[in-house]
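*Asks:* Protein chains in written order, with our numbering: chain L, 1 to 433; chain R, 1 to 433. Using N, Cα and C, we set each Cβ at its ideal position, and we do this for glycine too.
Protein chains: 2
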Amino acid sequence: MAAGRISVGLLGCGTVGGGVLRLIAQNAARIEARVGAAVEISRILVRESQASRGPYCDASRLTTRAAEVVDDPGIDVVVEVMGGQAAHELILRALERGKSVVTANKLLIASEGCALLAAAHRHGVDLAFEGAVGGGIPIVRTLRDAFASDAVTAVTGIVNGTSNYVLTRMVDAGLSLEAAVAEAQALGYAEADPSMDVDGHDAAHKLQILALLAFGAFVPPGSVHVEGIAAIEPIDHRMSARFGHRIKHLVVGRDHGDALELRVHPTLVPERSVLANVSGVLNGVVVTGRALGPCLVTGQGAGAMPTAVSVVSDLMDVARAKVAKVPGFGTRGLVLASRPIVPMAELSTRYYLRFVVADEPGVVAAIAGELAKERVSIEQMVQEARPAHEGGGATIVMLTHRAREASVQAALSAIGREVYMRAPPRLFRIEDV
Amino acid sequence: MAAGRISVGLLGCGTVGGGVLRLIAQNAARIEARVGAAVEISRILVRESQASRGPYCDASRLTTRAAEVVDDPGIDVVVEVMGGQAAHELILRALERGKSVVTANKLLIASEGCALLAAAHRHGVDLAFEGAVGGGIPIVRTLRDAFASDAVTAVTGIVNGTSNYVLTRMVDAGLSLEAAVAEAQALGYAEADPSMDVDGHDAAHKLQILALLAFGAFVPPGSVHVEGIAAIEPIDHRMSARFGHRIKHLVVGRDHGDALELRVHPTLVPERSVLANVSGVLNGVVVTGRALGPCLVTGQGAGAMPTAVSVVSDLMDVARAKVAKVPGFGTRGLVLASRPIVPMAELSTRYYLRFVVADEPGVVAAIAGELAKERVSIEQMVQEARPAHEGGGATIVMLTHRAREASVQAALSAIGREVYMRAPPRLFRIEDV
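(1) Got a sec: is the Cβ-Cβ distance from L/Ser313 to anything in chain R below 7 Å?
(2) Which two residues bound the contiguous alpha helix (DSSP H) that contains R/Lys373?
(3) Opposite R/Met421 in the DSSP bridges: which residues?
(4) Three or more C-beta pairs closer than 8 Å, one from the region 134-141 of chain R and one from the region 233-253 of chain R: is that the case here?
(5) Quick one: which chain R residues come within Cβ less than 8 Å of L/Asp145?
(6) Classify R/Val382 as buried or exposed, calling it buried when 16 or more other Cβ atoms lie within 10 Å of its own Cβ.
(7) Looking at the structure shown, is R/Cys57 part of a helix, part of a strand, or coil, going by DSSP?
(8) Does the region 103-116 of chain L come close enough to the region 88-95 of chain L to have 3 or more Cβ pairs within less than 8 Å?
(9) Return the first residue and the last residue of the beta strand (DSSP E) that R/Met381 is part of.
(10) Can you grab the Cα-Cα spacing for the pair L/Ser413 / R/Gly200, in whole Å?
(11) At a CB distance below 8 Å, what residues from the region 157-185 of chain L approach chain R? Give them in sequence order.
(12) With respect to the alpha helix (DSSP H) encompassing R/Lys206, which residues constitute its N-terminal and C-terminal limits?
(13) Which chain R residues are close to L/Cys295, counting only those with a beta carbon under 8 Å from its beta carbon?
(14) Which runs of the beta strand (DSSP E) spanning at least 3 residues fall entirely within the region 264-342 of chain R, listed in chain order?
(15) So with Cβ pairs under 7 Å, would you call R/Lys324 a contact of chain L?
(16) Just reading off the alpha helix (DSSP H) that L/Lys106 is part of, what are its end residues?
(17) Within this structure, are the beta carbons of L/Val77 and L/Ala308 separated by less than 7 Å?
(18) So, helix, strand or coil for L/Leu250, using DSSP?
(19) Distance, Cα to Cα, L/Leu62 vs L/Lys206?
(20) Indicate the three-state DSSP secondary structure (helix, strand or coil) for R/Ser163 in the structure shown.
(21) Using CA coordinates, which residue listed in R/Ala128, R/Glu183 and R/Asp197 is at the minimum distance from R/Ile209?
(22) For a contact meaning CB atoms closer than 9 Å, what does R/Ala119 contact in chain L?
(23) Run through DSSP, which three-state label would L/Arg5 get?
(24) How is the alpha helix (DSSP H) around R/Arg30 delimited, first residue to last?
(25) Taking R/Ile235 as part of the alpha helix (DSSP H), name the residues at either end of that continuous run.
(26) In chain order, what residues of the same chain have a beta carbon less than 7 Å from the beta carbon of L/Asp432, not counting five sequence neighbours either side?
(27) Give a yes or no on whether the minimum CB-CB distance between R/Ala291 and chain L is below 7 Å.
(28) Applying the 10 Å Cβ sphere with the 16-neighbour rule, what's the burial state of R/His401?
(29) Is there a C-beta anywhere in chain L that falls below 7 Å from the one on R/Val433?
(30) So who's on the other strand from R/Glu183, going by DSSP bridges?
(31) Closer than 8 Å by beta-carbon distance: list the chain R residues that pair up with L/Arg238, in chain order.
(32) If you follow the alpha helix (DSSP H) that R/Arg43 is in, where does it begin and where does it stop?
(33) Whose Cβ in chain R lies nearer than 8 Å to the Cβ of L/Ala385?
(34) Residues of chain R with CB closer than 8 Å to the CB of L/Leu23, please, in chain order.
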């Protein structure tokens, strides 16, 4: 580190990278005052050095050779905004060479976060990743700093703006799932292939990162229970509203002491709850602390500038730690361990169940009987006739009291085999957040 | 500072102080790992040393002499949770003696925050006060750290749990203001004298502190426009709901570049907005950044344990800075200046206006005419008959398009003099947050 100057290497210069350059240029004096040294982007890795990069990019700093960034001993901090798995080796190399790293790469932190944090620790440098979860909302910071003196018992939230936009439009404009996805794509809120968003896998990656910060847990890929939103039909939104709820695509993480509950699925939440009103492309996460109680943070969960703000705030943190020659707050005291995961079969919660049935006497009694056999108790029920153009028959929706998942699934499986059933039963879980 | 140990003096040992002792005892190992040194409470100032202080208080550390805390060269950090103006001199003395200070004293930070920050800066120590605004919600931290690389253009929020509880109960249970206040007192949510909460002065103090962090502005006491919630009647809640809004007691701070807008008053917000759904004793603050857009933080705004969590998180920050021998993040780069305040007469917003009038033909036209003279344009209007037991006549409610406050006030003042008026006109402002 040159006296009074932190030298930064930028990996990638797309929209987020451009935002980072702009924020650093526009706030240079304020950043210097808070960091205690000037922060300067000295090298920028790009794929093609000829392409124009906008007004804040000094073309003389561009390189197409990664080694000129991660191997240069003059560079103090590496900021990775190129995305993808290719960044893995570059980040690891930078950490090994004593550089602190800031990244917004959720896929990488979800899968390799533990190993990367361990590498940072081993080499006495910092790894910061606020931009990897919830774009611009300060959720990593809140978990790390605000809850530093409390024990986090749960994190629950909406962490995918695309699926939240789709659900919001299904409710507000009565669109089908397909039409809402098409609209999101037309507006640039969803990618050409929105499957990671719609099927919940993007949200699951973010839940892995939240679990790492909230519970100090290393969660191996594939160990989160994931359901997408494709099974939701317009009638489910209408029925949820009738019961005073809205359907949101939630991530739920809970620390039961002996094991963690980790799941991503469509969930009914009370319509007056704060999460029910996190609409459109917004993200929102409720962190519950033993002493602090629930605390919600919400805002733009994606987008180049919000993510760039998180990246630059992280850069200021790790640069300041470099200047002070102390480890940053992020990597101290974060003891990571493997933790057992509660099997879904053992989950205990409330359920919304929907049955499409033949319109015959005795069907409600038959369904209630199968549920009773498994000791699943019904709290509320609605039956309505199904229009002829949808095939006729009736729709029955039941809300249960708290029950074991295994019991509910066993009952549904028995009910699903009955002759009066016109379609497979549907199940959504209910949370009081 | 003894090697590997941060010695803390605690001023006050009521419910918040007790919570601080408990959190430090319960999380000692984690705190030590993150701070880089053990954090130890070595002296506790109390009024009467005989009184029992609960299981986490070591009686041998109690003193009734403030000098034994603030003048002891062995103490590194002073935590002030005694409250009131008396703490002012003690905090100043501690800063002068090179001790960093953590306080939850909103009255003091609102009135003396600038002078105290200047003193901390002069003596090379930190002053942290997360507990002074919004109890346990990390709003100071969010403004200070998450928005470090962005420019804050507005802070808007609900920062008084008592008045929010009262409004929530008026809406949900149809209570009168008096009955809701009595209920809040019975539940311990309101003090015996709830006037600071109901009249908005407590919220104004918090807005002064938010303005300090968000805009770097020193706001002299008395320069915030303050209105309480006493003027709200049940019909205002009903009418607001009819127009798709809810009334909340908001603080609004906006940076117009040349001047600041700072006000506290009952405000209509759209019922699907996140702030509309911050209910009961919860607090919630929306911070809007130029790049980040709006970001809401909500949670328990008061209570001993939430406040204690904020205090201990702050203590960890300043203790860590002491260990590293660098200034904490809180006091670096916070350049405070006096800023002009936009006079209320020049405010431009939308309005909810309510008139109690004689039920005669031509009254709506007359009111509309007076508004038109001042170029105030009506967006929506509802007229309904007033029950005989309330004195009869009619109630007219109008929502205006955006208008200048001075124009609206001039029109209301003219209308108020008309013979058809049965009561003074009521005005509430509307915000789209």
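*Replies:* Working from what's here:
(1) yes
(2) Val363 to Lys373
(3) R/Val357
(4) no
(5) Pro138, Arg141, Asp145, Ser313 and Asp317
(6) exposed
(7) coil
(8) yes
(9) Ile378 to Ala385
(10) 57 Å
(11) none
(12) His201 to Phe215
(13) Gly136, Ile137, Pro138, Val297, Thr298, Gly299 and Gln300
(14) 282-289 and 293-300
(15) The sequence as given places Ala at residue 324 of chain R; Lys does not occur at that position. Yes, R/Ala324 lies at the interface with chain L (some Cβ there is under 7 Å from its Cβ).
(16) Lys106 to Arg122
(17) no
(18) strand
(19) 31 Å
(20) helix
(21) R/Ala128
(22) Ordered by position in chain L, no residue passes the 9 Å Cβ test against R/Ala119, which lies about 19 Å from the chain.
(23) strand
(24) Ala28 to Val35
(25) Pro234 to Arg242
(26) Pro270
(27) yes
(28) exposed
(29) no
(30) In the DSSP output, where bridge partners are listed per residue, R/Glu183 has none listed.
(31) Result: empty, since nearest Cβ-Cβ is about 17 Å, beyond 8 Å.
(32) Looking at the DSSP string, R/Arg43 is not in any alpha helix (DSSP H); the run it does join, the beta strand (DSSP E), is Ala38 to Leu45.
(33) By Cβ distance, chain R contributes nothing, its closest Cβ being about 31 Å from L/Ala385, past 8 Å.
(34) Ser149, Asp150 and Ala291
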